[in-house]
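A.B. asks: Can you read through this structure? Questions will come right after.
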Amino acid sequence: EMNWPINHQVSTSKSSVQCAECHTRENSRLAQLNDFYMPGRDYSKVIDLIGIWNIILALFGILIHGTFRFIAAKKLKNGVNE
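In the numbering used here, the protein residues as written are 13 to 94.
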């Protein structure tokens, strides 16, 4: 039987649990494990800021890329080759 990464490849579908059983702050199955960062359970201002800035920069990059493609398409359509 194949296990998909959504259950971290540790159990079969018959014995799997919902994400919130581990990825929550209150009464988590893994509450005693403290040597790593678990999304949804732990909080780190630095990691959250890095994530937010990654999203902002990605959206900005998409906007810039789309703008240049739009300008290039207009120039190509008008026969301007600079």
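Positions of the beta carbon are idealized from the N, C-alpha and C atoms, including for glycine. Since the structure is predicted, the reported quantities are computational estimates derived from the model, not experimental observations.
Looking at the structure shown, is S28 part of a helix, part of a strand, or coil, going by DSSP?
C.D. replies: Position 16 of the sequence shown, counted from the start, is the residue given in the question as residue 28. S28: coil per DSSP, three-state reduction.
A.B. asks: Comparing C-alpha positions only, which one of G52, I67, S28 sits nearest to H35?
C.D. replies: Translated into the one-based positions of the sequence shown, residue 35 becomes position 23. For H35, the nearest C-alpha among the options comes from G52.
A.B. asks: Mapping DSSP to helix, strand and coil, what is G91?
C.D. replies: The residue given as residue 91 occupies position 79 in the sequence shown. Reduced to three states, the DSSP call for G91 is coil.
A.B. asks: Taking the alpha carbon of C31 as the reference point, which residue from M50, Q44, N46 has its own alpha carbon closest?
C.D. replies: Start at 1 with the first residue of the sequence shown, and residue 31 comes out as number 19. That would be M50, whose Cα lies nearest to the Cα of C31.
A.B. asks: Go through its chain and collect everything with a Cβ distance to R41's Cβ below 8 Å, but skip five positions before and after it.
C.D. replies: Counting from one through the sequence shown, the residue named residue 41 turns up at place 29. These residues qualify, in order along the chain: V29, E33, C34.
A.B. asks: What does a CB cutoff of less than 7 Å around G73 pick up in its chain, not counting 5 residues either side in sequence?
C.D. replies: As a working mapping, residue 73 is identified with position 61 in the sequence shown. Excluding residues within five positions, none has a Cβ falling inside 7 Å.
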